[in-house]
Amino acid sequence: MAVEFRVLGGVEACADGHRLDLGPARQQRVLAVLLLEAGQVVTADELVDRVWGERPPQRALPTLYSYLSRLRNALRTPGQDAPIARRSGGYVLSVAATDADLHRFRALSARARATAQAGDETAAARLFEEALANWQGELCPGMDTPWFNSRREAAQVERLAAVLDWSDLQLRRGIHTELVTVLAPLAEDNPLDERLAGQLMLALYRGGRPADALNHYQELRRRLAEELGIDPAPPLRSLHQQILISDPRLAPPARDTASAPATRTTMTSPATTHPRQLPAPPPLLAGRDSELVALDKLLAPQGEPHGGTVLIAVICGTGGVGKTSLALRWAHGWQERFPDGQLFADLQGFTPSDEPADPYAVMRGFLEALGADPGSLPATPQAQASLYRSLTAGRRLLIVLDNARDTDQVVPLLPGSPSCTVLITSRHRLPGLAASHGAAQLTLETLDPAEARDLLVRRLGSDRIAAEPGAATELLRHCAGLPIAISVLAARLTTDPMLTLVALAAELREAATPLDALETGEPNGDMRIVFASSYLALDTDSARVFRQFAQAPGADIGLPAAASLTGLPLPRLRTRLHRLQAHHLVQERVPGRFTCHDLLRAYALEMTEAVAPAGEAEAALTRVLDHYAHTAYEADRLLLPHRDPLAPATPADGTRLEEFTDADRAMTWFAGEHTVLTAAVNHAVRTGHDAQAWRMAWAITTFLARRAWWVDVTAVHSTALAAAVRLGDPAAQAESRRALAWACTETGRFAEAHQELAHALTLAERHGDLLSAAHTHLALGWQYEREGDNAAALRHDRSAVEYFTSAGNLPGRARALNAVAWDHTQLGDHEASVSRCQEALVIQRELGDERGRAGTWDTLGYAYHRLGEHAKAIDCYRHSLDLNRALGHRYNEAETLVHLSQAHCATGAVEPARAALHEALRIYLDIHALNPEVNQVRALLRELGGPAV
Numbered sequence: 005m006a007v008e009f010r011v012l013g014g015v016e017a018c019a020d021g022h023r024l025d026l027g028p029a030r031q032q033r034v035l036a037v038l039l040l041e042a043g044q045v046v047t048a049d050e051l052v053d054r055v056w057g058e059r060p061p062q063r064a065l066p067t068l069y070s071y072l073s074r075l076r077n078a079l080r081t082p083g084q085d086a087p088i089a090r091r092s093g094g095y096v097l098s099v100a101a102t103d104a105d106l107h108r109f110r111a112l113s114a115r116a117r118a119t120a121q122a123g124d125e126t127a128a129a130r131l132f133e134e135a136l137a138n139w140q141g142e143l144c145p146g147m148d149t150p151w152f153n154s155r156r157e158a159a160q161v162e163r164l165a166a167v168l169d170w171s172d173l174q175l176r177r178g179i180h181t182e183l184v185t186v187l188a189p190l191a192e193d194n195p196l197d198e199r200l201a202g203q204l205m206l207a208l209y210r211g212g213r214p215a216d217a218l219n220h221y222q223e224l225r226r227r228l229a230e231e232l233g234i235d236p237a238p239p240l241r242s243l244h245q246q247i248l249i250s251d252p253r254l255a256p257p258a259r260d261t262a263s264a265p266a267t268r269t270t271m272t273s274p275a276t277t278h279p280r281q282l283p284a285p286p287p288l289l290a291g292r293d294s295e296l297v298a299l300d301k302l303l304a305p306q307g308e309p310h311g312g313t314v315l316i317a318v319i320c321g322t323g324g325v326g327k328t329s330l331a332l333r334w335a336h337g338w339q340e341r342f343p344d345g346q347l348f349a350d351l352q353g354f355t356p357s358d359e360p361a362d363p364y365a366v367m368r369g370f371l372e373a374l375g376a377d378p379g380s381l382p383a384t385p386q387a388q389a390s391l392y393r394s395l396t397a398g399r400r401l402l403i404v405l406d407n408a409r410d411t412d413q414v415v416p417l418l419p420g421s422p423s424c425t426v427l428i429t430s431r432h433r434l435p436g437l438a439a440s441h442g443a444a445q446l447t448l449e450t451l452d453p454a455e456a457r458d459l460l461v462r463r464l465g466s467d468r469i470a471a472e473p474g475a476a477t478e479l480l481r482h483c484a485g486l487p488i489a490i491s492v493l494a495a496r497l498t499t500d501p502m503l504t505l506v507a508l509a510a511e512l513r514e515a516a517t518p519l520d521a522l523e524t525g526e527p528n529g530d531m532r533i534v535f536a537s538s539y540l541a542l543d544t545d546s547a548r549v550f551r552q553f554a555q556a557p558g559a560d561i562g563l564p565a566a567a568s569l570t571g572l573p574l575p576r577l578r579t580r581l582h583r584l585q586a587h588h589l590v591q592e593r594v595p596g597r598f599t600c601h602d603l604l605r606a607y608a609l610e611m612t613e614a615v616a617p618a619g620e621a622e623a624a625l626t627r628v629l630d631h632y633a634h635t636a637y638e639a640d641r642l643l644l645p646h647r648d649p650l651a652p653a654t655p656a657d658g659t660r661l662e663e664f665t666d667a668d669r670a671m672t673w674f675a676g677e678h679t680v681l682t683a684a685v686n687h688a689v690r691t692g693h694d695a696q697a698w699r700m701a702w703a704i705t706t707f708l709a710r711r712a713w714w715v716d717v718t719a720v721h722s723t724a725l726a727a728a729v730r731l732g733d734p735a736a737q738a739e740s741r742r743a744l745a746w747a748c749t750e751t752g753r754f755a756e757a758h759q760e761l762a763h764a765l766t767l768a769e770r771h772g773d774l775l776s777a778a779h780t781h782l783a784l785g786w787q788y789e790r791e792g793d794n795a796a797a798l799r800h801d802r803s804a805v806e807y808f809t810s811a812g813n814l815p816g817r818a819r820a821l822n823a824v825a826w827d828h829t830q831l832g833d834h835e836a837s838v839s840r841c842q843e844a845l846v847i848q849r850e851l852g853d854e855r856g857r858a859g860t861w862d863t864l865g866y867a868y869h870r871l872g873e874h875a876k877a878i879d880c881y882r883h884s885l886d887l888n889r890a891l892g893h894r895y896n897e898a899e900t901l902v903h904l905s906q907a908h909c910a911t912g913a914v915e916p917a918r919a920a921l922h923e924a925l926r927i928y929l930d931i932h933a934l935n936p937e938v939n940q941v942r943a944l945l946r947e948l949g950g951p952a953v
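Start counting the sequence shown at 5; every next residue gets the next number (the numbering used here).
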């Protein structure tokens, strides 16, 4: 007959339905300690400390032994020995997880989370409800010692986490009515918990109480500002904005979608993210009915799923023939077939002034759109591709890849699940894709005369065409059946009501003689003549803006950067852009970001060479590169204020920089512009602007590192290094080599990292650059420490301290002191480690260096732990965790969690140790850390008897 135990709501033991007499309160505390540490040996000294706290009686041990003896007798049942046993070093209570309410709660919660991960959300919700039913009150009420108090707080955290995970499931399943009564009292008890606040706001909104949801946000925002001096995090701010505009994406899902796969129990889990990235469909599409029918057949589902393969179709044809318009019209017409979302990317395969888009940069954008945490994306392209296939698996997604260069650019972006459909446009036929992936092809021809005339009629009206039929025929001859040319001509006619078809045809005849074919490598008829007719109709300012747009380094450009590109104030710029839009010479695909067709960009480049005043293009390019370089620099100063600044540089006249008030806004800007910035680095080098190229690479490094985008770090600094060599700047060369070494180390390429750092040190020493030498020695110390050579690490870190001190660089000296402290404790000199840490913290407090303090608190905690001062160690680790979480440094957070778990183990607090290790493992797996870190955590979990998954 098993004994059942309770610690939630009171300490009790029952056998055969009868409550057992557990004796006086202190004796019950002994049982409670053993129950909470079930299966773990607890020493007599630990029992005394936990039962009596800081004031044990003089005869504590004899009293304890008496309590243990009485408990053994009270818990002994017929046919079974007492569950309390004497073991070497202490006492242990053996109890099955099903026989104690707290352990039953934990086991059921773990099963619920695993079930949710497997995709059965209905069953997971039931398991959470069963787990929470065990919670009949607070843990061990009335037992007031420091140990019980800390365990009580930890248990409340566990309960809250289970409630929030259950609430996420309910919200995903479209169940929200009953959540308000559960979440509202929890929000009163936990007023600063943003995850809880988000769930309550969403439940209130879905329950028809948006005003209450907005009021709750404002109250939370006020308390955060008053008590912590911070604003709500971006996810909660985004939810607030969605509620303000009644975003339809907040509507509850249909109840029959409750079994959709789940990946993570958070408000922004990938399973609940349904991207809608398609640009607007074309307003007019003439002569493509047969092609739409052909696409319907090529992409029709063939059973469930599609015969086990991904459906892929390629629309190919010459530039300007309308491939993108056809793809978008088909995609918009079949959105209901893809309820899990539509992804869209312009691969820039034929953009004349830029390189084709990196497929892995596009993939990262897709991963974020699918709900992946940007700060947790894998470092390597292979791992990113694996995550992409995982997030698209089983989901009915449409993926539109526009303007593809070749098969190699497309293949990484293909999903692995036959539930997805891929539609590609390209000027090439992509035969390799047909051979390797069975892609179907649809060749799009130019419009025949009747179709072309129909499109012109739709644009201008039948009466106007009927009034001047001969001129209309002549205009269409110049357009050669290309829809883009017809659209540009029609825009010219509709924006100038005084212009007749006859007059426009005459202009084209006069312009035809001196015009050459566009340099696209493809026959384009008389399209340049068509473009010229619209260009020549522009006023002087608008024509200049059109030419300057060809100098933009990326696929598109935001309004602030466009103001620098053109040198115009925003009101005048908006007027010119509206005029260019009216002439179909630029497009605003998303609010505030502008682009133009690559054929139009090619024409603008040609016009720049032919008619622009000397220096116009160079001035525009210089301004826009200065805009990106200087804006990125100021944004980086907010992310890492104690980073060594660059030498001042003056932006060109007319450059208008963007300003940010805090680090969050700087990160948001980088997130929106990083693809343009990486393209700008390459464009700057190709056009001879090496200084701007290097500054942009330097400025974007912190952002890329925080996202763990090491492939991008390698790419931009390989380009930047070549630029620095041409500039003859040894300090810049050394900086880029250190960045390359950092990326090599993070991706496990240690030999390459050593080569880069050796080059960097040679440069610093050859040119007597103390600061560069200091940074390089510090990087070498970190490199050797990662490889386990602590003696070599100490040598380099001591050199870094000396160089930073000689250079008068306090932030660097503090960082190097922390590194020396870490080396000391790794070598066993813990007292020296404490001294160096305290010295570093004094400097970092004075400087307000939060990043530096986070690392130093961790090192100090480690030193105290090795000295046996575990309470001090735990306090230090908590300081470090708070700072790393605020800074978003997830690798450092995981590393500190491992250290914290070891300090908890040393005090006998096994459950907090396990919890810290599980959190560290989750972070390591999220960021795809190297195997040694992951394996270390799993080994530690196995030592504690917990699951290492």
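Glycine is no exception: its CB is placed at the ideal position from the N, C-alpha and C atoms.
Fill in: Where D530 sits in the DSSP three-state scheme
Here residue 530 refers to the residue found at position 526 of the sequence shown. Per-residue confidence for D530 stands at a pLDDT of 46, beneath the threshold of 50, marking its modelled position as unreliable; the derived number appears in the next sentence. The answer is coil: DSSP assigns D530 none of H, G, I, E or B.
Discussion item. Helix, strand or coil for T272? Go by DSSP, reduced to three states.
Written reply: Here the question's residue 272 lines up with position 268 in the sequence shown. Because the pLDDT at T272 is just 33, under 50, the model does not fix this residue reliably, and the point stays unresolved.
Discussion item. Can you tell me whether N939 is buried or exposed? The criterion is at least 16 other CB atoms within 10 Å of its CB, across all chains shown.
Written reply: Here residue 939 corresponds to residue number 935 of the sequence shown, with the count starting at 1. So N939 counts as exposed.
Discussion item. I need the straight-line Cα distance from H771 to R857, nearest angstrom please.
Written reply: One-based indexing of the sequence shown puts residue 771 at position 767. One-based indexing of the sequence shown puts residue 857 at position 853. Roughly 32 Å separates the two Cα atoms.
Discussion item. Please list the terminal residues of the continuous beta strand (DSSP E) segment that includes A6.
Written reply: Reading the sequence shown from its first residue, position 2 is the one you call residue 6. Note, A6: premise wrong, no beta strand (DSSP E); not H, not E.
Worksheet item: Got a sec, what are the start and stop residues for the beta strand (DSSP E) V96 sits in?
Response: As a first step, residue 96 is located in the sequence shown; it is residue number 92 there, counting from the start. Segment G94 to L97, the beta strand (DSSP E) holding V96.
Fill in: Paired residues, beta bridge with Q591 - DSSP
Numbered from its first residue, the sequence shown carries residue 591 at position 587. Q591 pairs with T599.
Discussion item. Helix, strand or coil for Q555? Go by DSSP, reduced to three states.
Written reply: Here the question's residue 555 lines up with position 551 in the sequence shown. Looking at Q555 - three-state DSSP - the assignment turns out to be coil, as it is neither helix nor strand.
Discussion item. Just to confirm, is the Cβ distance from A158 to A919 under 9 Å?
Written reply: By 1-based counting over the sequence shown, the position of residue 158 is 154. By 1-based counting over the sequence shown, the position of residue 919 is 915. Remark: C-beta atoms of A158 and A919 approach each other more closely than 9 Å.
Worksheet item: DSSP state of I403, grouped into three classes?
Response: Within the sequence shown, numbered from 1, the residue matching residue 403 stands at position 399. DSSP places I403 in strand when its eight states are reduced to three.
Discussion item. Assuming the contact rule is C-beta atoms closer than 8 Å, V45 and G13 should be a hit. Round their C-beta distance to whole Å, please.
Written reply: In the sequence shown, the residue the question calls residue 45 occupies position 41. In the sequence shown, the residue the question calls residue 13 occupies position 9. The distance from the Cβ of V45 to that of G13 is about 27 Å, inconsistent with a contact at the 8 Å cut-off.
Discussion item. According to DSSP, is G123 part of a helix, a strand, or is it coil?
Written reply: Taking the sequence shown and counting its residues from 1, the one referred to as residue 123 is at position 119. Here G123 sits in coil by DSSP.
Worksheet item: Going by alpha carbons, who is nearest to I403 out of V415, T450 and Q346?
Response: Position 399 of the sequence shown holds residue 403. Comparing Cα-Cα distances from I403 to each of V415, T450 and Q346, the minimum goes to Q346.
Worksheet item: Three-state secondary structure (DSSP) at S313?
Response: Within the sequence shown, the letter at position 309 stands for residue 313. Note on residue identity: the sequence assigns Thr, not Ser, to residue 313. Three-state result, T313: coil.
Item to complete: Grab the span of the beta strand (DSSP E) containing D350 for me, first residue to last.
Response: Stepping through the sequence shown from its first residue, residue 350 is reached at position 346. Per DSSP, D350 belongs to the beta strand (DSSP E) from Q346 to D350.
Worksheet entry | Nearest-angstrom beta carbon gap, E41 and V988 [assumed within contact, 8 Å] | The first residue shown for the chain is 5 and the last is 953, placing residue 988 beyond what the model contains.
Item to complete: Please confirm if the stretch 832-849 is in contact with the stretch 865-873, defined as three or more CB-CB distances below 8 Å between the two stretches.
Response: Verdict: yes, contact present.
Item to complete: Please classify D520: does DSSP put it in a helix, a strand, or coil?
Response: Here residue 520 corresponds to residue number 516 of the sequence shown, with the count starting at 1. Confidence at D520 is low in this model, with a pLDDT of 34, below 50, so its placement is unreliable and the value that follows should be read with caution. It is coil, neither helix nor strand.
Worksheet item: By Cβ distance below 7 Å, which residues in the same chain neighbour R156 in space, the five residues on each side in sequence not counted?
Response: In the sequence shown, counting from the first residue as 1, residue 156 sits at position 152. If we look at R156 and ignore the five residues flanking it on each side, its Cβ neighbours are E142, L143 and C144.
Fill in: CB of G202 within 9 Å of CB of E455, strictly
Your numbering for residue 202 matches position 198 in the sequence shown. Your numbering for residue 455 matches position 451 in the sequence shown. It is not a contact, given that the beta carbons lie outside the stated cut-off.
Worksheet item: Would P252 pass as a contact of I179 if the rule is Cβ separation under 9 Å?
Response: Within the sequence shown, numbered from 1, the residue matching residue 252 stands at position 248. Within the sequence shown, numbered from 1, the residue matching residue 179 stands at position 175. In this structure, I179 does not lie closer than 9 Å to P252 by Cβ.
Discussion item. With the cut-off set at 9 Å, would you say V7 and T102 are in Cβ contact?
Written reply: Here the question's residue 7 lines up with position 3 in the sequence shown. Here the question's residue 102 lines up with position 98 in the sequence shown. The answer is no: Cβ separation not under 9 Å.
Discussion item. Do A688 and A955 count as a contact pair if the criterion is CB distance below 9 Å?
Written reply: Because the chain in this structure spans residues 5 to 953, residue 955 falls outside the shown range and cannot be described.
Item to complete: Report all residues from its chain with a CB closer than 7 Å to the CB of I88; omit the five preceding and five following residues, and keep chain order.
Response: Locating residue 88 in the sequence shown gives position 84, where the first residue counts as 1. In the same chain as I88, and ignoring 5 residues on each side of it, the C-beta atoms closer than 7 Å to its own belong to L38, L72, L75, R76, L79, Y95 and L97, in chain order.
Worksheet item: Got a sec? Which residues, its chain only, sit under 7 Å from T261 by beta carbon, not counting five neighbours each side?
Response: In the sequence shown, the residue the question calls residue 261 occupies position 257. At T261 the pLDDT is 38, less than 50, meaning the model places this residue with poor confidence; the figure from the coordinates comes in the next sentence. For T261, where only same-chain residues beyond five positions count, there are no Cβ hits under 7 Å.
Worksheet item: DSSP three-state call for N939: helix, strand or coil?
Response: Taking the first residue of the sequence shown as position 1, residue 939 is located at position 935. Note: N939 maps to helix in three-state DSSP.
Item to complete: Report buried or exposed for N219, applying the criterion of at least 16 other Cβ atoms within 10 angstroms of its Cβ.
Response: In the sequence shown, counting from the first residue as 1, residue 219 sits at position 215. The residue in question, N219, is exposed, as its Cβ has fewer than 16 Cβ neighbours within 10 Å.
Fill in: Nearest-angstrom Cα separation, counted from P360 out to V426
Against the sequence shown, residue 426 aligns to sequence position 422. Against the sequence shown, residue 360 aligns to sequence position 356. If I take the Cα positions, the gap works out to 19 Å.
Discussion item. In the DSSP assignment, the alpha helix (DSSP H) including Q696 goes from what residue to what residue?
Written reply: As a first step, residue 696 must be located in the sequence shown, where it is residue number 692. Run containing Q696: D694 to R710, per the alpha helix (DSSP H) assignment.
Fill in: Exposed unless 16 or more other CB atoms sit within 10 angstroms - verdict on M147
Counting from 1 along the sequence shown, the entry for residue 147 is found at position 143. With 16 or more Cβ atoms within 10 Å of its Cβ, M147 is classed as buried.
Worksheet item: Excluding five sequence neighbours on each side, which residues of the same chain lie with their C-beta closer than 6 Å to the C-beta of P518?
Response: Mapped onto the sequence shown, residue 518 falls at position 514. Only weak support exists for where P518 lies, its pLDDT of 31 falling under 50; the coordinates are left without a value.
Worksheet item: I think V15 touches L106, with their Cβ atoms under 8 Å apart; what is that distance to the nearest whole Å?
Response: Sequence index remark: in the sequence shown, residue 15 carries index 11 (1-based). Sequence index remark: in the sequence shown, residue 106 carries index 102 (1-based). The pair is not a contact, with the Cβ atoms about 11 Å apart (cut-off 8 Å).
Worksheet item: When we look at the beta-carbon of T665 and count the other beta-carbons within 10 Å, is it buried (16 or more) or exposed?
Response: Reading the sequence shown from its first residue, position 661 is the one you call residue 665. T665 comes out exposed.
Worksheet item: Cβ atoms of V628 and A556: under 9 Å apart, would you say?
Response: One-based indexing of the sequence shown puts residue 556 at position 552. One-based indexing of the sequence shown puts residue 628 at position 624. For A556 and V628, yes; Cβs fall inside 9 Å.
Item to complete: Measure the alpha-carbon distance for T900 versus H800 and round it to whole angstroms.
Response: Start at 1 with the first residue of the sequence shown, and residue 900 comes out as number 896. Start at 1 with the first residue of the sequence shown, and residue 800 comes out as number 796. Looking at the two C-alpha atoms, the distance is approximately 23 Å.
Worksheet item: With respect to the alpha helix (DSSP H) encompassing I179, which residues constitute its N-terminal and C-terminal limits?
Response: Counting from one through the sequence shown, the residue named residue 179 turns up at place 175. Here I179 belongs to no alpha helix (DSSP H), and DSSP marks it neither H nor E.
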